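The structure appears below as structure tokens.
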Amino acid sequence: MLTCVHKPYSSIVSYKRFPKKVELRTVHGRFVRELCDLPLAENIPIAANSVRRGKRLIRWRPDMPSTLHWVEAQDGGDANVEVLPRDIVYMEPAEPLNGEKPHVLLKLDLRYRRISWCHGLHALVCEYWHKTRRTRTWVISPDCNDLSPRLLFDRSSEDAYSSPGSPMMCRTPAGTLVIAKIKTNYEGTYILMKGQGATPKGSIPFLDLLNITTGAKERIWESGVDKYYESVLALMSYHPKCEIQLNELKFLISKESRSEAAQYYVSIWPDKKQVQITSYPHPYPQLASLQREIIRYERDDGVKLTATLYLPPGYNPSKDGPLACLIWSYPGDFKSREAAGQVRRSPNKFARINNSFPLLWLSRGFAILADPTIPIIGEGDQEANDRYIEQLIASAEAAVNEIVRRGVAHPDKIAVGGHSYGAFMTANLLAHAPHLFCCGIARSGAYNRTLTPFGFQKEVRTLWEATDTYIKMSPFMIANKIKKPILLIHGEEDSKVTTAMQSSQFYDALKGHGVPCRLVILPFEGHRYAARESVMHVIWETDRWLQKYCASNSSSTQIIKSSGEW
């Protein structure tokens with residue numbers, strides 16, 4: 002399958018919307034036929050779930066040779082149009098007989114999301130609708146005369162507690178991935194479903210044996226809850242037709258704890274014997290005894306919130322007193338209060354340090370509050386962003402009050418930071434809740450929503466439909482209210498339209514009002530930073546900013562050293 006874009010190009014949409022031709026050729030280059038030639042798609046509606054007209058998501062079937070499947074919208078690609086069905090999934094051989102029409106696999110009332118194939122016997126088709134957060138999974142028998150679909154799951158995509166997981170895949174002789182069929186002594190067709198297992202007590206990964214004929218399931222494995230966090234990564238058993246006996250299963254499993262880096266094991270059934278295949282040392286032994294806790298608290302309107310609190314090794318709040326603290330987060334939107342309050346993390350996971358996460362500052366003696374939930378909730382017909390500022394402030398106040406109540410954070414030495422939408426959050430918090438924070442760090446943010454007038458993040462209304470919301474949410478519009486120091490960092494080649502320019506404009510506005518601020522533009526970098534020089538420079542800039550505007554002469558200025566490095 003050969004896909005190419007061609008003229009006329011556009012300067013207002015990405016290349017993914019350019020005119021696109023898809024054709025089939027043999028492996029020796031002989032032209033077989035043209036599948037489609039789609040025109041320039043400059044006018045896809047901004048409403049969530051709107052898509053391109055014509056054939057889309059054209060793929061080979063992974064469980065059969067030379068067979069295609071694709072999707073076509075029946076609403077013209079416009080999610081605002083009420084029509085049933087909304088999408089149709091088609092299947093067709095690469096070289097159909099003369100006059101042979103594509104087979105209709107399934108008609109969907111919601112928007113098609115994905116399909117997983119099970120060696121011709123069954124396929125799982127998932128559909129989704131953003132406005133209601135509804136997701137449904139259907140079971141079809143693509144190679145049988147009876148294509149009557151059976152509903153397997155019908156749930157809210159936000160409800161992590163009810164998530165059934167995803168099917169375990171195995172590799173075919175051709176190298177493709179299909180759903181593994183599990184052979185048992187019971188009637189019906191069985192597959193394995195693995196999931197993260199979100200629960201009120203924390204994430205407990207699981208493995209279920211699912212009868213897709215009846216929908217009945219049996220939990221055959223789950224992670225421990227006391228010390229270790231275990232997760233099934235892949236199915237290691239092999240069969241040419243991906244039909245695995247239940248008593249011959251082999252899995253690749255990762256196992257980690259708060260103080261032990263992830264190690265990998267092969268779990269052999271039916272006795273569930275585990276054979277360890279790696280023995281990695283601790284990547285940063287200086288922080289081996291760091292303290293990590295999942296904390297729970299509420300904001301003023303009763304919404305339950307969670308966060309991960311990290312404290313330096315050996316720190317005791319009753320003896321050492323409160324520390325300088327860095328809060329690093331990213332807001333999320335929800336349709337229900339219940340979903341917003343669900344716990345989606347585990348207290349037993351290993352603390353990994355990377356270039357985009359702030360755990361490195363534990364070595365400076367900081368307390369780190371990582372990923373406190375900042376839910377922006379719009380229930381029913383209400384749009385979440387109409388109350389963005391109020392809910393943002395309420396969530397931040399709840400987080401700050403909790404760490405101050407615990408005695409681990411000094412109320413005058415709390416910094417806030419984030420990347421992308423987290424940077425946008427940071428600027429808004431410094432503008433609307435300056436009493437909470439001493440400074441901010443904003444990476445790759447967009448600060449003027451009037452420059453993204455056709456929607457942003459999960460906002461589907463245009464600037465002209467929700468003018469007040471766009472203006473109220475833009476920290477650029479109230480740059481004169483920001484008084485606390487803010488560090489702005491951005492990649493020069495950010496592919497997200499107008500964002501690099503927005504950092505420059507925001508800096509000019511802040512500087513013009515006398516705000517202590519600094520703008521760092523990273524050459525050749527995109528929305529995220531990759532080059533070692535860029536990563537190290539960002540760390541240096543961030544550290545200098547925190548030491549200058551957040552840290553004090555207390556223990557928060559220490560450096561943990563090992564072999565002359567830190």
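Numbering (my numbering), first residue to last: 2 to 567.
Beta carbons are placed, not taken as given, at the ideal position from N, Cα and C, and that holds for glycine.
All values derive from a computational prediction rather than experimental measurement.
Asked	Found
Exposure of S557, with buried meaning 16 or more beta-carbon neighbours within 10 Å	Legend: pLDDT at S557 = 38, less than 50; position of this residue unreliable, value from coordinates given subsequently. Buried, by the Cβ-count rule.
The stretch 72-90 in contact with the stretch 481-499 per 3-pair CB rule at 8 Å	no
Length of the line joining the Cα atoms of Q383 and N50	18 Å
Reduced DSSP category for L107 - H, G, I as helix; E, B as strand; rest coil	strand
N186 versus S158 - alpha carbon distance	33 Å
Beta-carbon spacing of N429, L393 below 9 Å	yes
N402: first and last residue of the uninterrupted alpha helix (DSSP H) it sits in	Y389 to R406
Opposing strand residues paired with S157 [DSSP bridges]	R135
Limits of the beta strand (DSSP E) - the one that T4 falls within	L3 to V6
Enclosing alpha helix (DSSP H) for V539 [first to last residue]	R533 to Y550
Three CB pairs or more closer than 8 Å across the stretch 257-277 and the stretch 348-363	yes
Chain-order list of residues whose beta-carbon lies under 7 Å from that of V401 (same chain, five-residue window excluded)	I415 and L437
K482, enclosing alpha helix (DSSP H) - first and last residue	Counting along the chain, K482 falls outside any alpha helix (DSSP H), and DSSP gives it neither H nor E.
V276 burial status per 10 Å Cβ neighbour count (16 or more: buried)	exposed
Distance between R338 and M1 (C-alpha atoms, nearest Å)	Because residue 1 is not part of the residues shown, which for the chain are 2 to 567, the question remains open.
Sub-9 Å separation of I254 and Y265 beta-carbons	yes
Strand pairing of E380, partner residues [DSSP]	Paired residues: none, contrary to the question.
Nonlocal neighbours in the same chain, by C-beta distance under 6 Å from P103, ignoring five residues either side	Y91 and E93
Contact under 9 Å by Cβ, N305 with Y316	Before going on, a small fix: residue 305 reads as Lys here, not Asn. No.
Residues of its chain near A368, where Cβ-Cβ distance is below 6 Å and the 5 sequence neighbours each way are ignored	L312, L324, C326, V409 and A410
Cβ neighbour criterion (16 or more within 10 Å) applied to K8	exposed
R115 burial status per 10 Å Cβ neighbour count (16 or more: buried)	exposed
Cβ contact check for the stretch 506-519 and the stretch 463-472: 3 or more pairs under 8 Å	no
Identified DSSP bridge partners for A264	Note that residue 264 is Gln in the sequence shown, not Ala. K256.
Euclidean distance between Cα positions of T133 and A217	26 Å
N-terminal and C-terminal residue of the beta strand (DSSP E) that I180 is part of	L178 to I180
Three-way DSSP call (helix, strand, coil) for M170 in this model	strand
Limits of the alpha helix (DSSP H) - the one that F507 falls within	T500 to G513
Top-ranked residue by Cα proximity to P150, from P201, M194 and I213	I213
Cα-Cα separation between T200 and L208, rounded to whole angstroms	15 Å
Completely contained beta strand (DSSP E) runs for the stretch 29-91, where each covers 3 or more residues	32-39, 56-61 and 68-74
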